[in-house]
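Below: the structure, in structure tokens.
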Amino acid sequence: MAAISREEVAHLARLSRLAVTEEELDRFAGQLDVILQSVARVGEVAAEDIPPTSHSVPLTNVYRDDVPTPSLAQDAALSGAPDAYEGRFRVPRILDEEV
Amino acid sequence: MSDLTRLSAAELASLMGKREVSAVEVATAHLDRIDAVDERVHAFLHVDRAGALEAAAAVDRGEITGPLAGVPIAVKDVMATKGIPTTAASKILEGWKPPYDATIVERLKAAGMPILGKTNMDEFAMGSSTEYSAYGPSKNPWDLGRIPGGSGGGSAAALAAYEAPLAIGTDTGGSIRQPGAVTGTVGAKPTYGGTSRYGLIAFSSSLDTPGPCGRTVEDTALLHAVIAGHDPRDSTSIPQSVPDVVAAARRGATGDLTGVKLGLVKEFAGDGSEPGVTAAFRESLEALVKLGAEVVEVSCPHFQYALPAYYLIAPSECSSNLARFDGVRYGLRSGDDGSRSLEEVMSLTRDEGFGPEVKRRIILGTYALSSGYYDAYYGQAQKVRTLITRDFQAAFEQVDVLVSPTTPFVAFPFGSRTSDPYQMYLADLFTIPTNLYGGPAISVPCGLSEGLPVGFQIMAPTLADDRMYRVAAALESAVGTFTPPAL
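Taken in sequence, the protein lines are chains A and B. Going by full-length UniProt numbering, the first residue of the first sequence is number 1, and it counts up by one from there. Going by full-length UniProt numbering, the first residue of the second sequence is number 1, and it counts up by one from there.
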């Protein structure tokens with residue numbers, strides 16, 4: 001049985017904001033199925049009582065001193081933007097017109 | 001002039017220190033070499049002739065001194081370089097010029113090292129061959145029909161083609177070591193947190209580790225010393241001093257390994273390595289024993305789950321990290337004709353801007369992090385990561401370092417592993433455990449198989465980076481270095 005269906009891949013692509021084509025869906029579904037069946041082997045390990053490792057460096061809550069320091073200038077921060085307007089990032093509409 | 005490109009970084013630094021050659025002459029020789037061969041090798045995505053010559057001139061004026069002042073370097077295109085195009089080999093960042101330098105780039109500049117340009121890689125450092133670069137693959141100088149490894153294949157190819165004496169790479173699952181192995185060059189992955197990730201375009205933040213690449217162990221150690229050390233701008237940077245890797249390399253070069261215990265991982269035996277790789281590895285092991293080292297077999301029972309755990313953890317982190325490429329703050333924006341919503345523009349931008357391997361990993365990571373699957377996949381992989389770490393810790397109670405081939409196969413022909421993505425993942429079989437653990441590891445050339453280089457990997461305990469350099473330099477003193485045929 002397939003570990004992942006074409007419909008699931010389409011759903012995940014939508015969640016990931018990837019407008020994949022039908023052809024990509026066909027290809028990815030098969031490839032991801034192979035990959036998932038291989039990586040699912042982690043389930044063979046008895047690890048119920050084992051704490052997870054998110055990170056190899058045991059540091060938590062790293063803060064700097066609460067002193068203002070210079071940051072990027074506004075024009076530098078906007079320098080790579082595809083579209084900018086009056087010192088701001090300009091984006092397409094985020095609400096439907098009917099709303 | 002052109003023979004300057006054949007010298008090691010240490011030799012170049014010595015000549016410049018004695019004023020026998022100028023930094024501008026050294027930079028010019030390498031830039032001319034790039035002009036002569038890079039059309040065939042394609043190691044570079046961008047060459048900064050003016051910037052490199054300006055930095056070299058500053059060294060010649062005596063404005064900057066230091067152990068590597070004037071030695072030119074190539075930087076993987078995943079590191080932010082102020083005002084210089086930085087793409088991570090992705091279409092989504094085509095033409096982007098960062099407004100700031102990565103910490104490592106700042107340190108190279110402060111050390112007086114002229115940056116020759118930005119090297120090719122698999123897109124966002126995901127791959128083992130550079131075939132996933134949006135700008136076409138780099139070629140292996142040993143055989144232009146074969147891959148130079150990946151993701152940092154451009155940096156490794158630049159070294160093997162004598163276009164640069166040193167290079168910067170990044171290693172998430174083997175992206176410094178595997179390219180080093182298949183190009184006959186040296187590549188070191190420092191202890192995680194030993195080198196700053198500030199200004200590195202993130203792929204998998206709990207694994208990404210910048211590191212040095214060179215043609216000799218000593219050169220690699222010299223570069224390691226320049227780039228490593230605490231950075232307050234990276235919250236995972238370790239606030240401790242860096243071990244003296246240069247002294248360790250020089251000590252190793254004397255060829256004495258008396259009392260050093262090398263661990264051979266039992267579970268790596270019968271691993272599907274090519275016979276020529278196994279043979280070169282075994283011969284090198286014997287050479288190390290002749291230098292006084294002792295070989296001990298150790299068991300790391302969870303290493304067999306490292307590859308599956310990695311291909312859950314890394315894609316999960318990547319799916320989150322690459323959410324920043326939304327067509328708003330930098331890079332590509334596609335389909336914004338006034339009729340489409342932000343979400344539609346975002347989805348079109350990302351589909352057009354990302355290549356197939358990046359999309360596969362984003363989708364895989366989104367799956368592994370989904371509610372209902374999280375515990376079985378991402379959560380379980382993190383627990384396996386703990387067990388792999390415990391395997392390393394137990395092994396290092398018995399031995400000083402672990403050794404293995406760097407990668408199971410020599411440089412493969414283009415196109416031979418792209419149709420089945422999992423076949424590509426197997427290139428990282430021996431390199432991935434270290435990334436999950438966080439310790440340092442180095443690949444050093446150890447021989448040839450059918451005329452192609454084989455890499456020997458040395459893995460050391462966390463923060464004991466000096467130990468791997470000592471063993472690597474000893475091996476180099478025994479087997480020598482390897483020179484590819486003339487291009």
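Here a beta-carbon is modelled for each residue, glycine too, at the ideal position from N, C-alpha and C.
Query - CB contact flag (VAL26 (chain B), LEU4 (chain B), <8 angstroms) - result: Taking 8 angstroms as the Cβ cut-off, VAL26 (chain B) and LEU4 (chain B) qualify as a contacting pair.
Requested in this report: For ARG93 (chain A), decide whether its Cβ has a neighbour in chain B, counting only Cβ atoms nearer than 8 angstroms.
Outcome: Yes, ARG93 (chain A) counts as interfacial toward chain B.
Query raised in the report: Is it true that the CB of SER56 (chain A) sits closer than 8 angstroms to the CB of GLY438 (chain B)?
Result: Closer than 8 angstroms, so yes.
Query raised in the report: Can the beta-carbon of PRO440 (chain B) be found closer than 8 angstroms to that of ALA460 (chain B)?
Result: yes
Query raised in the report: Got a sec: is the Cβ-Cβ distance from THR69 (chain A) to anything in chain B below 8 angstroms?
Result: Cβ-Cβ to chain B under 8 angstroms: no for THR69 (chain A).
Query raised in the report: Which runs of the alpha helix (DSSP H) spanning at least 4 residues fall entirely within the region 12–93 of chain A, listed in chain order?
Result: 22–39 and 74–77
Query raised in the report: In the region 204–280 of chain B, which residue ranges form an unbroken beta strand (DSSP E) of at least 3 residues, counting only runs that do not cross its ends?
Result: 209–214 and 261–265
Query - Proximal chain A residues relative to ARG329 (chain B), where beta-carbon distance stays under 9 angstroms - result: ALA77, LEU78, GLY80, ALA81, PRO82 and PHE89
Query raised in the report: When Cβ atoms are compared, which residues of the region 371–389 of chain B fall closer than 8 angstroms to chain A?
Result: ALA376, TYR377, GLY379, GLN380, ALA381, GLN382, LYS383, VAL384, ARG385, THR386, LEU387 and THR389
Query raised in the report: According to a CB-to-CB cut-off of less than 8 angstroms, which residues of the region 343–357 of chain B neighbour chain A?
Result: GLU343, GLU344, VAL345, MET346, SER347, LEU348, ARG350, ASP351, PHE354 and PRO356
Query raised in the report: Taking just the CA atoms, how far does PRO239 (chain B) sit from ASP65 (chain A)?
Result: 15 angstroms
Report task. Determine the closest residue to ILE94 (chain A) out of B:VAL345, B:GLY117, B:TYR374 and B:GLY415, with distance taken between C-alpha atoms. Result -> B:VAL345
Query - chain C within 8 angstroms of ARG417 (chain B), Cβ atoms only - result: The structure shown contains no chain C; the protein chains it does contain are A and B.
Query raised in the report: Using the rule of at least 16 other Cβ atoms within 10 Å of the residue's Cβ for burial, across every protein chain shown, is ASP26 (chain A) buried or exposed?
Result: With fewer than 16 neighbouring CB atoms inside 10 Å of its own CB, ASP26 (chain A) falls in the exposed class.
Query raised in the report: Per DSSP, which one or two residues make a beta bridge with HIS46 (chain B)?
Result: B:LYS118
Query raised in the report: Residue range of the alpha helix (DSSP H) that PHE396 (chain B) falls in?
Result: If you look at PHE396 (chain B), you'll find it in the alpha helix (DSSP H) that goes 380–398.
Requested in this report: Within the region 75–112 of chain B, note down every full alpha helix (DSSP H) run reaching 4 residues or more, in order along the chain.
Outcome: 103–110
Query - Whole-angstrom C-beta distance between THR119 (chain B) and ASP101 (chain B), which should lie under 8 angstroms - result: In fact, because the Cβ distance is near 17 angstroms, the residues do not count as touching under 8 angstroms.
**Report entry** Nonlocal neighbours in the same chain, by C-beta distance under 6 angstroms from VAL242 (chain B), ignoring five residues either side
**Finding:** ALA228 and GLY229, listed in sequence order.
Query - Close Cβ partners of ALA40 (chain A) (< 8 angstroms) along its chain, the five nearest in sequence each way excluded - result: Leaving aside the five residues that flank ALA40 (chain A) on each side, the residues in its chain whose CB is nearer than 8 angstroms to its CB run, in chain order, ALA3.
Query raised in the report: THR170 (chain B) bridges to which residues according to DSSP?
Result: B:PRO210
Query raised in the report: Do you know how far the Cα of THR53 (chain A) is from the Cα of MET1 (chain B)?
Result: Residue placement at MET1 (chain B) cannot be trusted, given a pLDDT of 43 that sits under 50; what the coordinates show is reported in the next sentence. Going by the C-alpha atoms only, they are around 52 angstroms apart.
Query raised in the report: the region 24–47 of chain A: which residues have C-beta closer than 8 angstroms to a C-beta of chain B, in chain order?
Result: GLU24, ARG27, PHE28, GLN31, LEU32, VAL34, ILE35, LEU36, SER38, VAL39, ALA40, ARG41, VAL42, GLY43, GLU44, VAL45 and ALA47
Requested in this report: Give the residues of chain A in contact with ALA188 (chain B), contact being defined as C-beta atoms less than 7 angstroms apart.
Outcome: Within chain A, no residue comes near ALA188 (chain B); the closest Cβ sits about 17 angstroms away, beyond 7 angstroms.
**Report entry** Proximity test, Cβ basis, 8 angstroms: ALA2 (chain A) and chain B
**Finding:** no
Query - Under the three-state DSSP convention, the category THR349 (chain B) falls into - result: helix
Query raised in the report: Mind pulling the chain A residues with CB within less than 8 angstroms of ARG333 (chain B)?
Result: PRO82 and ASP83
**Report entry** Per-residue DSSP class, three states only, for VAL99 (chain A)
**Finding:** Low confidence applies here, because VAL99 (chain A) scores a pLDDT of 49, under 50, leaving its location unreliable and the question unanswered by this model.
Query raised in the report: With a CB to CB cut of under 6 angstroms and the five nearest residues on each side skipped, what residues in its chain are close to PRO114 (chain B)?
Result: The answer, listed in chain order, is ALA27, ALA52, ALA55, ALA56 and PRO72.
Query raised in the report: DSSP three-state call for VAL468 (chain B): helix, strand or coil?
Result: The sequence shown places Met at residue 468 (chain B), not Val. Helix.
**Report entry** C-alpha distance - ALA50 (chain B) paired with GLY117 (chain B), whole-angstrom precision
**Finding:** The alpha-carbon separation between ALA50 (chain B) and GLY117 (chain B) amounts to approximately 10 angstroms.
Query raised in the report: Hey, out of B:ALA225, B:LEU387, B:ASN140 and B:VAL245, whose CA is closest to THR183 (chain B)'s CA?
Result: Nearest C-alpha to THR183 (chain B): B:ASN140.
**Report entry** Length of the line joining the Cα atoms of LYS109 (chain B) and VAL289 (chain B)
**Finding:** 41 angstroms
Requested in this report: With a threshold of 16 other CB atoms inside 10 Å of the CB of GLN382 (chain B), please say whether the residue is buried or exposed.
Outcome: Under this definition GLN382 (chain B) is a buried residue.
Report task. Take LEU429 (chain B) as the anchor and find which of B:ALA486, B:THR483, B:ALA269 and B:SER371 has the nearest alpha-carbon. Result -> Per the Cα distances, B:ALA269.
Query - Rounded distance between the beta-carbons of LEU45 (chain B) and TYR135 (chain B), thought under 8 angstroms - result: 6 angstroms
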